[in-house]
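Novice: Starting off with a structure, shown below.
Protein chains: 2
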Amino acid sequence: MDKLKILVVDDEIRLRKLVKDFLHKNGYDVVEASDGVEALDLFFSDKSISLIICDIMMPKLNGYEVVKEIRHYSDIPIIMLTAKGEESDELQGYDLGVDEYISKPFSPRILVARVEAILRRSHALASSQILSVGGISIDPDAHEVKVDGKQVDLSYKEFELLQYFMINQGVALSREKILNQVWNYDYYGDPRTIDTHVKKLRSKLGEKGDYIKTIWGIGYKFEVGQE
Amino acid sequence: MDKLKILVVDDEIRLRKLVKDFLHKNGYDVVEASDGVEALDLFFSDKSISLIICDIMMPKLNGYEVVKEIRHYSDIPIIMLTAKGEESDELQGYDLGVDEYISKPFSPRILVARVEAILRRSHALASSQILSVGGISIDPDAHEVKVDGKQVDLSYKEFELLQYFMINQGVALSREKILNQVWNYDYYGDPRTIDTHVKKLRSKLGEKGDYIKTIWGIGYKFEVGQE
DNA sequence: TCTATTCTTGAATAAAATGTGAACAAACTA
DNA sequence: TAGTTTGTTCACATTTTATTCAAGAATAGA
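Chains P and A, in that order, give the protein sequences.
Residue numbering for the first sequence follows this note's numbering, starting at 4 and increasing by one per position.
Residue numbering for the second sequence follows this note's numbering, starting at 4 and increasing by one per position.
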């Protein structure tokens, strides 16, 4: 009952389910609406909603109209989803009071990270902290990694992957799981892509690259090793 | 990230409510038991409990007896509550495996601080249900096996096989059954393959390899041996 | 004790998974 | 647009694991 409730508005049921799953796994309650009218109904009848994630392109009322309506009465944080190639007039959106844009397709990690960041801002929750394990420290806000205090340049994917590894320190992660969390939800490519990224990560981390262990037949595990 | 669940055991309903409130506010899920018997029932039926806070003085089973029983099967962190003026034989408690004592009355901050410290220590943060029998413990999440606390490297199949044995501790398993459970359903090879894996398992487990007993004409059985 | 089975073991072979470098494609910058 | 960086795929080398096999040891029963 302590969970924060998020309203997800999208006309695609598949995408709603997807988003709902990600958020559930991260400890949020989710209510769904399939169009703008339903969204407004839900929002005005349920005062416990803490954040809205809303697609732009929808039947009946589009995303901007929903935002406009809600902003007459509430400062609730709103994240807009924009489809690829969609004419997202972000400036208009920010004027209306949209807090953040996320473009589809996104990765689960990104979605959840944005949600947390916004809730942190509005709910004055604890700020995100620097993750530091075995001499590797990673700053999500600055998107910066240091190994023994020395900064290391990682690409975007490498950073995301390392962060996921470090958050799940000590847990054996299958390639499938990694793909599902770190890659966009529409990625159905070769799992061996991960191997290549791991290779690069290991080499960029130097000695500490050994923290990323290979679990034969399964995947990888980040572990600061005794042994 | 899912909330960690804490079992609170105390016969005083007021105190349980109090503790529950503190923990709730700090982001934990709480289940309650009002005496030792109920506590054991709950603990053994709910594998997701990460920590136990337990009063000493209780009807039916007192705190120490609860700890003793639980310690046969689990290393879950346990915090004992001692009433003021109560004769808390702390030495006995620590011997049994109590992680921490908190004496009543305590302040919310202290309670929560201790809980966090212990969870951090035991990094039960997202830890799994470790299966532990006769000095062999097996962690499915980390895909890691320890014999007397020392890590042992097993291949994937070896790991699966050992896990199956341990789950079916004390049960004689035919080769056919093992093949059906541990091997892919499309495997129609030589059942003797199992023998080879058993051989390797036994040798990697050292002395404790003897736990895997041969049942002549049938198969194998995992049993922590008296004899 | 002897014999027919059933297991154990080690070595050989087959199969599977991973590491790596390079090529290509896509996204981003200047 | 050209030039870079980043992400993905692929093929092949390498490593690790799984399976088979056969000889020798152990077991149960007569």
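In this text, a Cβ means the ideal position worked out from N, Cα and C, and glycines have one as well.
Ala-42 of chain P touches chain A at which residues, Cβ-Cβ below 7 Å?
Specialist: Within chain A, no residue comes near Ala-42 of chain P; the closest Cβ sits about 27 Å away, beyond 7 Å.
Novice: Would you mind sorting Trp-186 of chain P into buried or exposed? The rule is 16 or more other CB atoms within 10 Å of its CB.
Specialist: Buried: at least 16 other Cβ atoms inside 10 Å.
Novice: Put Gly-39 of chain P into one of helix, strand or coil per three-state DSSP.
Specialist: Helix at Gly-39 of chain P.
Novice: Leu-7 of chain P by DSSP, collapsed to three states: which one?
Specialist: It is coil, neither helix nor strand.
Novice: Please identify, using Cβ separations under 7 Å, the residues of the region 143-159 of chain A that lie next to chain P, in order along the chain.
Specialist: Taking 7 Å as the Cβ-Cβ cut-off against chain P, the residues of the region 143-159 of chain A that qualify are Asp-144, Ala-145, His-146, Gln-154, Ser-158 and Tyr-159.
Novice: Comparing the C-beta of Ile-221 of chain P with each C-beta of chain A, is any distance below 8 Å?
Specialist: Interface residue, yes.
Novice: Indicate whether at least one CB of chain A lies closer than 8 Å to the CB of Ile-218 of chain P.
Specialist: For Ile-218 of chain P, the answer is yes, since a Cβ of chain A falls inside 8 Å of its Cβ.
Novice: Determine the DSSP secondary structure at Leu-64 of chain P, reduced to helix, strand or coil.
Specialist: DSSP places Leu-64 of chain P in coil when its eight states are reduced to three.
Novice: Buried or exposed for Pro-251 of chain P, please, with buried defined as at least 16 other CB atoms from any protein chain shown within 10 angstroms of its CB.
Specialist: The structure shown has nothing for residue 251 of chain P, since chain P only spans 4 to 230.
Novice: Could you give the distance in angstroms between the alpha-carbon of Val-22 of chain A and the alpha-carbon of Ile-105 of chain A?
Specialist: Cα-Cα distance, rounded: 12 Å.
Novice: First and last residue of the alpha helix (DSSP H) that includes Glu-161 of chain A?
Specialist: Residues 159-170.
Novice: By the 8 Å beta-carbon criterion, what residues does the region 165-177 of chain P contribute toward chain A?
Specialist: Correct list: Asn-171, Gly-173, Val-174 and Ala-175.
Novice: Could you list which residues in chain A have their beta carbon closer than 9 Å to that of Lys-224 of chain P, in chain order?
Specialist: Those within 9 Å of Lys-224 of chain P in chain A are Ala-145, His-146 and Glu-147.
Novice: Could you please give the first and the last residue of the uninterrupted beta strand (DSSP E) stretch that includes Arg-185 of chain A?
Specialist: Per the sequence presented here, residue 185 of chain A reads as Val, with Arg not at that position. Unbroken run through Val-185 of chain A is the alpha helix (DSSP H), 178-185; no beta strand (DSSP E).
Novice: Three Cβ pairs or more, each shorter than 8 Å: is that satisfied between the region 208-224 of chain P and the region 38-54 of chain A?
Specialist: No, the region 208-224 of chain P is not in contact with the region 38-54 of chain A.
Novice: Listed from N- to C-terminal order along the chain, which residues in the region 18-34 of chain P have their beta-carbon within a distance smaller than 9 Å of any beta-carbon of chain A?
Specialist: Listed in sequence order: Lys-28, Asn-29 and Gly-30.
Novice: Provide the residue span of the beta strand (DSSP E) that contains Leu-134 of chain A, from first to last.
Specialist: Unbroken beta strand (DSSP E) run through Leu-134 of chain A: 134-136.
Novice: Count the other CB atoms, across all protein chains shown, that sit within 10 Å of the CB of Asp-213 of chain P; report buried if there are 16 or more and exposed otherwise.
Specialist: Exposed, since its Cβ has fewer than 16 Cβ neighbours within 10 Å.
Novice: Could you tell me whether the region 170-181 of chain P touches the region 142-156 of chain P, using the rule of 3 or more Cβ pairs below 8 Å?
Specialist: No contact exists between the region 170-181 of chain P and the region 142-156 of chain P.
Novice: Report the rounded CA-to-CA distance for Glu-161 of chain P versus Met-169 of chain P, giving the unit in angstroms.
Specialist: When rounded, the distance between both Cα atoms is 12 Å.
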